[in-house]
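Chains as they are written, first to last, in this note's numbering: chain A, 274 to 546; chain B, 58 to 362. Following: one structure in structure tokens, then a few remarks.
This is how it looks when you write it as structure tokens:
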């Protein structure tokens with residue numbers, strides 16, 4: 274049995290290492306081939322170049338798509354965070370009948386095939402005679418982002434010491450004053466984290482945008498169009514690398530803030546208890 | 058101060074002052090959650106009901122005939138093309154969820170039991186690749202698995218094969234590999250959470266009572282982490298069946314899935330009722346399959362104890 278344990282203890286870290294390689298394998302090839310002179314992505318590299326990056330700002334269609342994605346992302350992030358705050362606050366602060374069912378419904382887009390959610394929304398929007406536009410993409414993205422916002426916000430709101438708010442109320446603050454001066458400062462990191470996470474999701478989301486966009490493409494739709502042309506691949510890889518770096522930075526900030534929020538609400542609670 | 062505040066029921070003051078029904082705690086909670094609830098209701102539940110309704114209607118060119126019919130379901134379930142696509146999609150999503158969970162479990166176990174101080178860092182490391190654009194990850198697999206791809210040139214460079222293999226790309230296994238990669242983080246996180254909840258003193262007790270590591274794992278850790286395994290399975294299996302990007306980019310002719318057919322009905326072919334019936338059929342069958350998998354895991358966990 275000790276032999277078995279030894280094998281197990283030795284192989285588990287090795288397996289973990291291999292798994293990480295598997296996870297990062299497709300990610301590392303984006304930057305590598307985006308620097309390649311040749312159009313076809315294969316080894317050995319022909320030579321290193323930055324020309325694919327230099328071409329990016331000179332592609333008007335790309336800039337339009339990037340602008341559209343930015344607008345959609347910001348709108349979706351704000352809306353889903355606001356709706357997420359309402360739900361997270363209600364779930365962590367109040368007990369009411371149907372709480373679990375409602376929570377389940379709000380989280381449902383996470384476990385539904387995205388194509389079915391997208392197609393259903395498309396049917397309703399077309400039936401109502403509305404035009405497809407960036408606005409409809411925002412509506413779809415908010416639906417997809419809310420579960421993530423809710424998760425981030427709930428973890429930020431949990432462990433939040435309710436007695437602080439009660440103390441503030443006892444000391445004569447109005448409900449709004451308590452919210453602004455006690456609640457808000459404690460939950461701000463979680464809110465910013467939720468904004469960043471939903472923005473990143475919206476920026477990368479393809480299926481909803483594919484069905485719900487009108488004539489204006491978002492970045493993933495633009496990339497989808499480019500994938501048909503083999504010659505455009507290095508440019509797409511360069512764009513992908515930039516998006517990867519951007520997402521990585523945003524998410525690192527989000528993660529640091531979420532941790533700070535979790536630590537802060539625990540610490541403050543601890544100091545008072 | 059805290060003790061006093063904890064002793065008095067929350068909002069007791071407010072409740073005494075305004076005793077109207079709307080000011081009770083449940084009502085306030087409900088009012089607060091209602092915007093989000095309504096959003097999900099109007100943009101998720103209503104649309105899905107509309108799809109279900111459409112699946113019983115027929116389409117005459119541009120108008121929808123609203124008389125009740127089961128014709129769409131007959132087509133969806135008996136036409137060989139849709140039946141085959143559906144069977145293949147279910148098979149792929151079963152394979153993907155199986156491999157994803159089996160590959161993810163040791164990692165979740167490793168992080169939870171041997172992660173030490175760096176658990177957060179490990180989890181972060183695992184979630185990063187998942188934030189890369191989904192399209193580009195699939196594209197990257199095409200680059201890796203392709204005829205002139207990284208894997209082929211690597212294998213040739215090492216002398217394992219003399220000419221590029223075509224067996225890697227444009228088939229079902231390419232779809233399975235790509236999707237297993239795409240859903241990894243979704244499987245690791247729930248399993249990790251449930252492993253974190255496993256009471257370590259139970260494992261110590263089993264050791265004290267003479268159980269070896271394998272027996273201990275099979276009788277305590279694995280059954281107690283089954284909720285995480287179930288969550289991971291559901292989170293992977295159900296959405297996977299509706300993927301149409303991966304089959305389109307790496308699946309080739311043999312990797313086409315039901316979502317590609319649904320997408321075609323809602324764009325080029327423009328037969329909404331048939332598309333709706335295909336969607337509903339897929340949803341119902343994949344849910345049944347997931348429920349069966351959950352039941353099997355639950356009873357296995359119960360037997361193990």
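Ideal placement from N, C-alpha and C gives every residue a C-beta, glycine not left out.
- The C-beta distance from residue 367 of chain A to residue 89 of chain B rounds to 7 Å, short enough to fall under 8 Å.
- Residue 121 of chain B: member of the beta strand (DSSP E) spanning 120 to 122, first to last residue.
- Take the alpha-carbon of residue 407 of chain A and the one of residue 219 of chain B: they are about 51 Å apart.
- For residue 344 of chain B, the closest alpha carbon among the candidates B:103, B:293, B:329, B:360 is that of B:293.
- Interface with chain B (8 Å Cβ-Cβ cutoff): residue 477 of chain A is included.
- Here residue 287 of chain A is exposed, its C-beta having fewer than 16 other C-beta atoms within 10 Å.
- For the stretch 458 to 485 of chain A, the full-length alpha helix (DSSP H) segments reaching 4 residues or more read 480 to 485 along the chain.
- For residue 116 of chain B, no alpha helix (DSSP H) run applies; the uninterrupted beta strand (DSSP E) run containing it begins and ends at 115 to 117, by DSSP.
- If you look at residue 289 of chain B, you'll find it in the alpha helix (DSSP H) that goes 283 to 297.
- Among the CB atoms of chain B, none fall inside 8 Å of the CB of residue 351 of chain A.
- With the criterion set as a beta carbon lying under 7 Å from some beta carbon of chain B, the members of the stretch 496 to 527 of chain A are 496, 497, 500, 513, 516, 517, 520, 521, 524, in sequence order.
- Counting along the chain, the unbroken alpha helix (DSSP H) around residue 351 of chain B starts and ends at 329 to 361.
- Closest option to residue 297 of chain B, judged by alpha-carbon separation, among B:164, B:337, B:154: B:154.
- Below 8 Å, too few C-beta pairs join the stretch 189 to 196 of chain B and the stretch 265 to 279 of chain B to call them touching: fewer than three.
- Within chain A, the residues whose beta carbon sits less than 7 Å from that of residue 299 of chain B are 386, 387, 388, 389, listed in sequence order.
- Among the bridge pairs identified by DSSP, residue 309 of chain A is matched with A:321.
- For residue 248 of chain B, the closest of B:280, B:230, B:257, B:209 by C-alpha to C-alpha distance is B:280.
- For the C-beta of residue 397 of chain A, the chain B residues within less than 7 Å are, from N- to C-terminus, 103, 104, 107.
- Taking the CA atoms as reference points, residue 340 of chain B sits about 11 Å from residue 143 of chain B.
- Only residues of its own chain outside the window of five on either side were considered, and among them 338 have a CB closer than 6 Å to the CB of residue 490 of chain A, listed in chain order.
- Counting along the chain, the unbroken alpha helix (DSSP H) around residue 443 of chain A starts and ends at 435 to 443.
- Positions of the alpha helix (DSSP H) runs, each at least 4 residues long and wholly inside the stretch 126 to 212 of chain B, are given as 128 to 135, 137 to 171, 176 to 184, 191 to 202 in order along the chain.
- A check of alpha carbon separations from residue 429 of chain A across A:462, A:312, A:514 identifies A:462 as the nearest.
- Legend: CB atoms of the stretch 309 to 323 of chain A lying less than 9 Å from CB atoms of chain B belong to residues 313, 314, 315, 316, 317.
- Here residue 278 of chain B is buried. Its C-beta has 16 or more other C-beta atoms within 10 Å.
- At a cut-off of 8 Å between beta carbons, residue 300 of chain A contacts chain B.
- The distance from the Cβ of residue 312 of chain B to that of residue 204 of chain B is about 16 Å, inconsistent with a contact at the 8 Å cut-off.
- By alpha-carbon distance to residue 214 of chain B, the top candidate from A:507, A:315, A:453 is A:315.
- If you check each beta-carbon in the stretch 419 to 436 of chain A against every beta-carbon of chain B, the ones closer than 7 Å belong to 419, 435, 436.
- Listed in chain order, the non-local C-beta contacts of residue 524 of chain A below 8 Å within the same chain comprise 469, 470, 473, local neighbours out to five positions each way being set aside.
- Here residue 422 of chain A has 353, 354, 357, 467, 471 as same chain residues with Cβ atoms under 6 Å from its own Cβ, once five neighbours each way along the sequence are excluded.
- When CB distances to chain A are screened at a threshold of 9 Å, the residues of the stretch 149 to 166 of chain B falling below it are 160, 161, 163, 164, 166, in chain order.
- Residues of chain A whose Cβ lies closer than 7 Å to the Cβ of residue 196 of chain B are, in chain order, 500.
- One Cα belongs to residue 123 of chain B, the other to residue 450 of chain A, and the distance between them is close to 55 Å.
- Secondary structure note for residue 376 of chain A: its alpha helix (DSSP H) is the uninterrupted segment 372 to 380.
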